[in-house]
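For reference, the structure discussed in these notes is given below.
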Amino acid sequence: MSTVVPDGNTEFVEFWNEILVPKFVKYKHILVGGLNHHSEKIFSSLNVYEGDKVVDVGCGFGDTAILFAQRVGPTGSVMALDCCDAFLEFGRRDAKAAGVDDIIEFVEADVQGYPFKSVHDFCFARFGTQFFENPVAGLRSMRSSLRQEGEMVMIVWRTIDDNPWLGLPKGIVLDYLPPPGEDARTCGPGPFSMADQEMVTKQLEIAGYNDIQFERIDAPLMVGNNPDDAVGFQLALGPAGEVYREAGEEAEQKHDEIVRALKKELSQYETPEGIVMQSSSWKISAKNPG
Ligand SMILES: C[S@@+](CC[C@H](N)C(=O)[O-])C[C@H]1O[C@@H](n2cnc3c(N)ncnc32)[C@H](O)[C@@H]1O
């Protein structure tokens, strides 16, 4: 196991570790069990084969790293990076249980500026690149992990309007609380920062990629086992959670009415599988010309 903690831990990396880790752990069943329906749609079509060397950037709890390890087998390898060791602990435990711990190396690191060896066939990131402090630096660093003609695939959210599972709850919370101020502490540029096709194409070109392609993925997401679970998730994480957190005491005073309003809205999406709402992302692929 490697541990590379960056000297100059960025403000965003600190935010992930201090504020978001406990909330992600509490709602792991949604983040892993609910959101992965989404990447499942494209996983089998990824160009990853037995014996390949794969990097999984911002791997979180490590579930995709484990799937890659099962795909590349003992002749391949997976390097799974995240800036929060608390997430990687889950990955190490689950990889062992799945019998693929010899194939995966979990590395605690800030991906931006990480000294990769350019030997990997495939570099992947599911909802991780949107939080880079400097997206071009992060994307360039990911490219540096690839051999010539190696492929990078990232999945990023499209706009908030295309993602009612985040947009609707934010709108409701904003009926009661002010928007976060300019100086709000955040986890980085944010979930929708890579929604714009033209801008991301430019970022990828500057970072040195070619053969850039976008594919839209629309999928339902399970955002809570029941209305109470979904309300708790929304007030803890995402855009609604940010408004709530930043409002401090005012949010606590209005807590009951906000919960009532959210519950009324989210209950409309109740199904036998839990609260299920629509979401939309980009699968963006690009190559390292070398
Ligand atoms: C929304 S989560 C996605 C996690 C996982 N890929 C998934 O789809 O469940 C974003 C992840 O990126 C990680 N992350 C954010 N900025 C990072 C950085 N600069 N370097 C490494 N990891 C980072 C966070 O710690 C978090 O685990």
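When you line the sequence shown up against the numbering used here, it's residues 145 to 434, in that order.
Every residue, glycine too, gets a C-beta built ideally from N, C-alpha and C.
Residue LYS427 holds the alpha-carbon nearest to the alpha-carbon of THR345 among LYS427, PRO416, GLY385, VAL317. Ligand 1 has no heavy atom closer than 7 Å to the beta-carbon of CYS267. Every beta strand (DSSP E) of 3 residues or more that sits fully in the region 331-419 is shown, in chain order, as 354-368. Distance from GLY368 to ILE419 at the Cβ level is roughly 4 Å; contact confirmed, criterion being Cβ atoms closer than 8 Å. The beta-carbon distance between PHE205 and VAL176, rounded to whole angstroms, is 6 Å. This is short enough to meet the 8 Å contact definition.
Only buried fits ILE174, as 16 or more other CB atoms lie within 10 angstroms of its CB.
By the criterion of a C-beta distance shorter than 6 Å, SER289 is surrounded in its chain by VAL199, PHE260, HIS264, CYS267, once the five residues flanking it on both sides are discounted. Here GLY382 is buried: its Cβ has 16 or more other Cβ atoms, across all protein chains shown, within 10 Å. Taking 8 Å as the cut-off, the beta carbon of ALA430 is found closer than this to the beta carbon of TYR353. Every alpha helix (DSSP H) stretch that sits fully inside the region 173-238 and reaches 4 residues is listed by chain position as 180-187, 207-216. Per DSSP, GLU252 is not a residue of any alpha helix (DSSP H); the beta strand (DSSP E) it occupies stretches across 248-252. Burial is judged here by how many other beta carbons sit within 10 angstroms of a residue's own beta carbon; ASP400 has fewer than 16 and is exposed.
Within its own chain, the residues whose Cβ lies closer than 7 Å to the Cβ of ALA391, once the five positions on either side in sequence are excluded, are LEU321, PRO322, listed in chain order. The beta carbon of LYS407 lies closer than 6 Å to those of PRO371, VAL375 in the same chain, with the five residues before and after it left out. Counting along the chain, GLY294 sits inside the beta strand (DSSP E) bounded by residues 290-301. Here the C-alpha atom of GLU396 lies approximately 45 Å from the C-alpha atom of GLN214.
Residue pairing for SER425: DSSP places it in a beta bridge opposite TRP301, ILE361.
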